[in-house]
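*Asks:*
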Amino acid sequence: MLSVPELVDKLQLDLTRKTSSFAEYLTMCSPYVPSGAEPLWDLLLHVRDEERVHARLLGRAIVEHNGIPSPGAYDEGSPDANYLHIFYLYDLLIRSKEASIRVFESRAEETRDYPAAHKVIQSILDDERRQLRELRDSLMPVRSNSTSQVEA
Numbered sequence: 000m001l002s003v004p005e006l007v008d009k010l011q012l013d014l015t016r017k018t019s020s021f022a023e024y025l026t027m028c029s030p031y032v033p034s035g036a037e038p039l040w041d042l043l044l045h046v047r048d049e050e051r052v053h054a055r056l057l058g059r060a061i062v063e064h065n066g067i068p069s070p071g072a073y074d075e076g077s078p079d080a081n082y083l084h085i086f087y088l089y090d091l092l093i094r095s096k097e098a099s100i101r102v103f104e105s106r107a108e109e110t111r112d113y114p115a116a117h118k119v120i121q122s123i124l125d126d127e128r129r130q131l132r133e134l135r136d137s138l139m140p141v142r143s144n145s146t147s148q149v150e151a
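Throughout the sequence shown, residue numbering follows numbering that gives the first Met the number 0, covering 0 to 151 in sequence.
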C-alpha cells in the first residue's frame, strides 16, 4: 500500500503529465491541417480541453491528501512537431494515449486504498480510453477521404 506522501508524489507526476500533455503541445505547434481534416483539429482541441480538466481534478486530489499541486516540466520525448501533417501527429498522439492508458491502469491499482484519488484516476482512465477510441475512429474516414482526393 502506498503511503500518503507516495500517493501525492504519484499524483504530482500525473498532474505534470496532464498539465504538459502531448495534446496540449500539439495544439501549440501549428500542425498542417489539410482541407477536410478540420474535424481532427476540433477533436484535438477537445482532447486538450479534457486534459486540462484532468489536471484540475488531479490538483484537487493532491490538495485533499494534504499536498500542494506543483506540476513540473514533462518531456514527452517528441521531436519538434511544428507544421507537421496532422495525420502524422495523430499517429504520435494515439501512441501517447496508449502509453497514458497503461500509466493510469497502473495508477488505478495503486490508488485502490484511497477512494477519492481512485475515483479521480478511474474517471481519467475512462476518459483516456474513450479518447483513444475517438482518435482512432476519427482518423480513419478523414485519412481515407484524403487519400481518395489525392488519387482523383
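Using N, Cα and C, we set each Cβ at its ideal position, and we do this for glycine too.
Here the structure is a predicted model, which means the values were calculated and not measured.
Rounded to whole angstroms, what is the Cα-Cα separation between residue 3 and residue 64?
*Replies:* Here the question's residue 3 lines up with position 4 in the sequence shown. Here the question's residue 64 lines up with position 65 in the sequence shown. Computed Cα separation, rounded: 7 Å.
*Asks:* What does a CB cutoff of less than 6 Å around residue 124 pick up in its chain, not counting 5 residues either side in sequence?
*Replies:* Here residue 124 refers to the residue found at position 125 when the sequence shown is read from its first residue. The answer, listed in chain order, is 103, 107.
*Asks:* Quick check on the burial criterion: 16 or more other C-beta atoms within 10 angstroms. Buried or exposed for residue 71?
*Replies:* As a working mapping, residue 71 is identified with position 72 in the sequence shown. It counts as exposed.
*Asks:* Determine whether the beta carbon atoms of residue 138 and residue 89 lie at a separation below 8 Å.
*Replies:* Position 139 of the sequence shown, counted from the first residue, corresponds to residue 138. Position 90 of the sequence shown, counted from the first residue, corresponds to residue 89. Closer than 8 Å, so yes.
*Asks:* Could you pull out every residue in the same chain whose Cβ sits closer than 7 Å to the Cβ of residue 58, ignoring the five residues on either side in sequence?
*Replies:* As a first step, residue 58 is located in the sequence shown; it is residue number 59 there, counting from the start. Within the same chain, residue 58 has close Cβ partners 14, 68.
*Asks:* Taking just the CA atoms, how far does residue 46 sit from residue 0?
*Replies:* Taking the sequence shown and counting its residues from 1, the one referred to as residue 0 is at position 1. Taking the sequence shown and counting its residues from 1, the one referred to as residue 46 is at position 47. If you take the alpha carbons of residue 0 and residue 46, they lie about 32 Å apart.
*Asks:* Less than 8 Å between C-beta atoms, sequence neighbours within five positions excluded: which residues of the same chain meet that for residue 134?
*Replies:* Position 135 of the sequence shown, counted from the start, is the residue given in the question as residue 134. Answer for residue 134: 42, 46, 89, 92, 93, 96, listed in chain order.
*Asks:* How big is the Cα-Cα spacing for residue 37 and residue 52?
*Replies:* Residue mapping note: residue 37 aligns to position 38 of the sequence shown, counting from 1. Residue mapping note: residue 52 aligns to position 53 of the sequence shown, counting from 1. If you take the alpha carbons of residue 37 and residue 52, they lie about 23 Å apart.
*Asks:* For the candidate residues 130, 141, 62, whose alpha-carbon lies nearest to that of residue 115?
*Replies:* For the purposes of this step, residue 115 is taken as residue 116 along the sequence shown, with counting starting at 1. Among 130, 141, 62, the Cα nearest to that of residue 115 belongs to 62.
*Asks:* From 119, 101, 109, 111, pick the residue whose C-alpha is nearest to that of residue 131; which is it?
*Replies:* Looking up residue 131 in the sequence shown gives position 132. When only C-alpha atoms are compared, the closest one is 101.
*Asks:* What distance in whole Å lies between the Cβ atoms of residue 60 and residue 25, which are believed to be in contact at a cut-off of 8 Å?
*Replies:* Here the question's residue 25 lines up with position 26 in the sequence shown. Here the question's residue 60 lines up with position 61 in the sequence shown. Actually they do not touch by this definition, with Cβ atoms about 26 Å apart.
*Asks:* Is residue 45 helix, strand or coil when you go by DSSP?
*Replies:* Taking the first residue of the sequence shown as 1, we reach residue 45 at position 46. Three-state result, residue 45: helix.
*Asks:* Rounded to whole angstroms, what's the CA-CA distance from residue 18 to residue 136? Just pull it up for me.
*Replies:* In the sequence shown, counting from the first residue as 1, residue 18 sits at position 19. In the sequence shown, counting from the first residue as 1, residue 136 sits at position 137. Answer to the nearest angstrom: the Cα atoms are 25 Å apart.
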